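Here the structure is laid out as structure tokens; the discussion comes afterwards.
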Amino acid sequence: MSAVSLFGRITQRRGLRQFVKFGIVGASGFVVNLIVFTALQRVVPDHDHPLQYDLLFSAGFLAGGLSNYFLNRAWTFRSQGHVGKEGLSFMAVSVLALIVGLIVGQIAAPWLGHGHRTWFVSVLAGIVVNFFVNKYWTFRRV
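Sequential numbering from 0 applies to the sequence shown in numbering that gives the first Met the number 0.
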């Protein structure tokens with residue numbers, strides 16, 4: 000079997016295709032998150048304080064989540080469901096992933112500090128939560 004036909008077979012699987020699209024959308028949300036987090040770090044004094052870090056992380060994470068919702072709704076899952084209900088579900092999942100990210104950040108911070116390295120690890124921790132809970136709860140009717 001050639002690599003091209005194997006790739007074709009893999010991309011025919013709906014769940015895998017959705018996961019790849021979710022990853023692409025997630026990458027764009029990752030950029031939004033990073034831009035918001037970095038911009039806030041530049042203007043907020045004492046951003047190394049754990050509480051300040053958590054607030055900055057939360058603002059960036061939720062900004063990325065909001066952009067991800069609209070892109071995932073339109074492109075990844077092609078949903079026609081109620082925008083408000085799905086939006087609330089998606090943001091609830093984002094808050095759950097945020098909590099996971101904050102917990103991971105608290106665990107990682109003593110080794111990585113309260114900066115971009117901890118932010119990166121925290122964001123990665125939320126990706127799996129985001130995909131599976133959104134796929135099987137927020138967009139389950141798609």
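Yeah, the Cβ is synthetic: ideal placement off N, Cα and C, and Gly gets one too.
Bear in mind the structure is a predicted one, so any value in this text is a computation, not a measurement.
Here the C-alpha atom of H113 lies approximately 11 Å from the C-alpha atom of V120. Between the region 44–60 and the region 71–87, the count of Cβ pairs shorter than 8 Å is below three; the stretches do not touch. In this structure the region 121–140 lies against the region 83–99, because at least three pairs of beta carbons, one per stretch, are closer than 8 Å.
In this structure, the straight-line span from the alpha carbon of R16 to that of Q105 is close to 33 Å. For A38, the closest C-alpha among the options V24, A58 and G22 is that of A58.
Counting the other Cβ atoms within 10 Å of the Cβ of V19 gives fewer than 16, which makes it exposed. Around the beta carbon of Q40, 16 or more other beta carbons sit within 10 angstroms, so the residue counts as buried. Boundaries of the alpha helix (DSSP H) harbouring S88: V82 to L111, taken from the DSSP string. Assignment of S121 by DSSP, reduced to helix, strand and coil, places it in the helix class.
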